[in-house]
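First comes the structure, then the notes that go with it.
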Amino acid sequence: MSQEQSSPAGPDLTQGVALADFADGKLVGHVGEQEILLVHAGAEIFAVDAHCTHYHGPLVDGIVAGDSVRCPWHHACFDLRSGEAIRAPAFSPLGLWKVDRQGDRVVVREQAPACREARIVHRDAPKRIVIVGAGAAGFAAAEMLRRQQYDGSIVMIGAEASLPVDRPNLSKDYLAGSAPEDWLPLRPEDFYRDEKIDLRVGVEVASIDVAQRRVILANSEAVGFDRLLLATGAEPVRLSIPGAVEGQIHTLRSLADCRAIIEAASGARRALVIGASFIGLEVAASLRARDIEVHVVAPERRPMERVLGEAMGDFVRTLHEEHGVVFHLEDTVVGLDGKRATLKSGATLDVDLVVAGVGVRPRIALAEQAGLTIDRGVVVDAFLETSVPGIYASGDIARWPDPHSGENIRVEHWVVAERQGQVVAHNMLGHRQKFDAVPFFWSQHYDIPINYVGHAEHWDEIVVEGSIKDKDCLLRYKQGGRVLAVASIFRDVGSLEAELEMERGEPVSA
Numbered sequence: 005m006s007q008e009q010s011s012p013a014g015p016d017l018t019q020g021v022a023l024a025d026f027a028d029g030k031l032v033g034h035v036g037e038q039e040i041l042l043v044h045a046g047a048e049i050f051a052v053d054a055h056c057t058h059y060h061g062p063l064v065d066g067i068v069a070g071d072s073v074r075c076p077w078h079h080a081c082f083d084l085r086s087g088e089a090i091r092a093p094a095f096s097p098l099g100l101w102k103v104d105r106q107g108d109r110v111v112v113r114e115q116a117p118a119c120r121e122a123r124i125v126h127r128d129a130p131k132r133i134v135i136v137g138a139g140a141a142g143f144a145a146a147e148m149l150r151r152q153q154y155d156g157s158i159v160m161i162g163a164e165a166s167l168p169v170d171r172p173n174l175s176k177d178y179l180a181g182s183a184p185e186d187w188l189p190l191r192p193e194d195f196y197r198d199e200k201i202d203l204r205v206g207v208e209v210a211s212i213d214v215a216q217r218r219v220i221l222a223n224s225e226a227v228g229f230d231r232l233l234l235a236t237g238a239e240p241v242r243l244s245i246p247g248a249v250e251g252q253i254h255t256l257r258s259l260a261d262c263r264a265i266i267e268a269a270s271g272a273r274r275a276l277v278i279g280a281s282f283i284g285l286e287v288a289a290s291l292r293a294r295d296i297e298v299h300v301v302a303p304e305r306r307p308m309e310r311v312l313g314e315a316m317g318d319f320v321r322t323l324h325e326e327h328g329v330v331f332h333l334e335d336t337v338v339g340l341d342g343k344r345a346t347l348k349s350g351a352t353l354d355v356d357l358v359v360a361g362v363g364v365r366p367r368i369a370l371a372e373q374a375g376l377t378i379d380r381g382v383v384v385d386a387f388l389e390t391s392v393p394g395i396y397a398s399g400d401i402a403r404w405p406d407p408h409s410g411e412n413i414r415v416e417h418w419v420v421a422e423r424q425g426q427v428v429a430h431n432m433l434g435h436r437q438k439f440d441a442v443p444f445f446w447s448q449h450y451d452i453p454i455n456y457v458g459h460a461e462h463w464d465e466i467v468v469e470g471s472i473k474d475k476d477c478l479l480r481y482k483q484g485g486r487v488l489a490v491a492s493i494f495r496d497v498g499s500l501e502a503e504l505e506m507e508r509g510e511p512v513s514a
């Protein structure tokens, strides 16, 4: 890497910059090697670290909303006064810097001390909180409880054997071989010890005793609770194909699943991916990065049409074909004989690796057994509380009243699960915070990110701004003239603005 490439961006802030140098109220400079973002908001000037603590996105390319700044990549949000990561997917705060105004010039020389909030008094706070599930929602809830200075007992129980991990990475960089495994944990093991979170991994919950307020583990141990969060997530749909032997068809949900696919891929020359879902095609892209020939078999006419529409579906197919993926659409796998797959069309494929990505099902068995209200998921109110007071649900299993679509919805998005976990943490402490965040997810295909804001199960019009073919576009999914969702490629500001407008209940502008 050249010296020019490694040099910090912008002017030396110790020498000062003029207010006239700010563009749209923002400016990036540096103090030594540290890049700093200056934000001119109203009469105040804030100075914070210039990069998002999630995936290092450039905050200068995001937007400022009130006293907060939002990351352009995955919509994390930070408080400019405290540096706190107030919205997932970021959890770590930004560093703060001291601002010295000298007339119309701004000088930054040293870091400011971290903001230390006054002790929070939680009246009638529960003494014992149990979280069933160690995924996105469960982790986010536990982390926020401690961030809110809750000092009671937290027991987090996860069926998977690993620490809570950054699950989106499993189908993207880690599977592709471009990210090391030590990037995956959301927090290292000592975080849970230091924060006195009793994390139990590789542990199954057998049942919930609602009357006695106890969680019964598979080993018959009972763990009492005053508040309970069910964040059991979803499990992959597993295919039963004639001739398939046990373990031959891989699915991808856990770190163990990903390790198994990587091991199987080490000697593979040709892979079969069953299903053209987001996960299926991200797996296809990652296996192509390992120089494995990939064939995708799916029953639909075009990939992702149900979520993104015809034009984006055609774009996604073309993108993957340009990278060597071979599609067999409007077809299914009807048999496996050793390494030979037979399709319904009569075609055969000799393959070394088979991965199924045909969707997931919410894990609701515990909730059903406990007598919670179920409707294609666990029904919760605006505060994410179930039909049993003191028991909450979040993440892939929760069906909540979405104020933006006006419907009860359940979505399987990583960021939604994290944000729901954070809201549950506040509500367990008695804050009565409604979950009103706009759903957001991102999907990565090679070097092309697709961002999606909102929720549209049906639409009667798609308005395209820009060019899908040129990878510079923003699509509005409308029903009866109202924008329900927005998808975009390299239109990060437009995506953020759409999210903000939906939050405010404003019409999404053209």
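All letters in the sequence shown, in the order written, are residues 5 to 514 by the numbering used here.
Each residue gets a CB set at the ideal place from its N, CA and C atoms; glycine is no exception.
Between which two residues does the alpha helix (DSSP H) containing residue i stretch?
i, result
"Arg508", "496-508"
"Cys262", "259-269"
"Val415", "Where Val415 is concerned, there is no enclosing alpha helix (DSSP H), given that its DSSP letter is neither H nor E."
"Glu372", "369-373"
"Ala386", "Taken as a continuous stretch (DSSP letters only), Ala386 belongs to no alpha helix (DSSP H), as it is neither H nor E."
"Ala180", "177-180"
Quick one: give me the first and last residue of the beta strand (DSSP E) that residue i is part of.
i, result
"His324", "Taken as a continuous stretch (DSSP letters only), His324 belongs to no beta strand (DSSP E), being part of the alpha helix (DSSP H) at 314-326."
"Trp446", "444-449"
"Ile245", "Here Ile245 belongs to no beta strand (DSSP E), and DSSP marks it neither H nor E."
"Asp354", "352-354"
"Ser471", "465-471"
"Arg113", "109-115"
"Ala226", "226-228"
"His302", "Note on residue identity: the sequence assigns Ala, not His, to residue 302. 297-302 is the span of the beta strand (DSSP E), which, as asked, contains Ala302."
"Ala275", "274-278"
"Leu256", "Run containing Leu256: none; DSSP gives neither H nor E here."
"Ala345", "344-347"
"Val358", "357-360"
So, helix, strand or coil for residue i, using DSSP?
i, result
"Gln7", "Since pLDDT at Gln7 reaches only 37, below the 50 mark, its modelled position is unreliable, and no value is offered."
"Phe331", "strand"
"Ile378", "strand"
"Glu193", "helix"
"Tyr456", "strand"
"Asp53", "strand"
"Arg292", "helix"
"Thr18", "helix"
"Val68", "strand"
"Tyr59", "coil"
"Glu88", "coil"
"Phe95", "coil"
"Asp474", "coil"
"Trp187", "helix"
"Glu37", "coil"
With distances taken from CA atoms, which of the options is nearest residue i?
i, options, result
"Pro443", "Val301, Leu41, Gly458, Asp451", "Gly458"
"Lys482", "Asp128, Ser471, Asp213, Glu461", "Glu461"
"Leu98", "Arg109, His58, Ala226, Leu291", "His58"
"Pro511", "Cys477, His408, Ile452", "His408"
"Val415", "Gly328, Cys477, His299, Tyr456", "Tyr456"
"Leu340", "Gly284, Ala429, Val420, Glu250", "Glu250"
"Phe143", "Cys119, Gly46, Glu193", "Glu193"
"Arg367", "Gly33, Ala210, Arg217", "Ala210"
"Ser96", "Glu147, Val428, His34", "Glu147"
"Gly410", "Phe387, His430, Glu422, Asp440", "Asp440"
"Arg105", "Phe50, Leu190, His78", "Phe50"
"Gly399", "Pro393, Ile413, Ile283, Ser391", "Ile413"
"Ile212", "Arg197, Ile201, Arg231", "Arg231"
"Leu323", "Pro240, Val227, His449", "His449"
"Gly498", "Val468, Lys473, Leu370", "Val468"
"Ile278", "Leu259, Ile296, Ala302, Trp418", "Ala302"
"Val427", "His299, Ser391, Val384, His332", "Val384"
"Arg204", "Gly162, Val73, Ile253", "Gly162"
"Ser290", "Ala118, Ala116, Gly181, Ala272", "Gly181"
"Gly485", "Asp476, Ile454, Asp464", "Asp464"
"Asp406", "Phe387, Gly394, Glu422", "Phe387"
"Val338", "Ile245, Arg85, Ile265, Val214", "Ile245"
"Leu312", "Ile265, Ser166, Val287, Arg480", "Arg480"
"Gly271", "Lys348, Gly20, Glu297, Val287", "Glu297"
Measure how close the beta-carbons of residue i and residue j come, nearest whole angstrom, since I'm counting them as under 8 Å.
i, j, result
"Ile493", "Ile466", "Wrong, their Cβ atoms sit about 14 Å apart, outside the cutoff."
"Leu256", "Val359", "7 Å"
"Val362", "Lys343", "That belief does not hold up - the Cβ atoms of Val362 and Lys343 are roughly 21 Å apart, past 8 Å."
"Gly425", "Ala293", "Actually they are not in contact, since the Cβ atoms of Gly425 and Ala293 sit about 31 Å apart, beyond 8 Å."
"Phe171", "Trp418", "Position check: residue 171 holds Arg in this sequence, whereas Phe was assumed. Confirmed, Cβ separation roughly 6 Å."
"Ala13", "Gly29", "At roughly 17 Å, the Cβ-Cβ gap does not stay under 8 Å, so Ala13 and Gly29 are not in contact."
"Gly434", "His126", "7 Å"
If you scan the stretch 131-171 from start to end, which runs of the beta strand (DSSP E) of 3 or more residues do you find wholly inside it? 132-136, 157-162
Pick out the complete beta strand (DSSP E) segments inside the stretch 200-225, 3 residues or longer, and give them in chain order. 201-205, 209-213, 218-221
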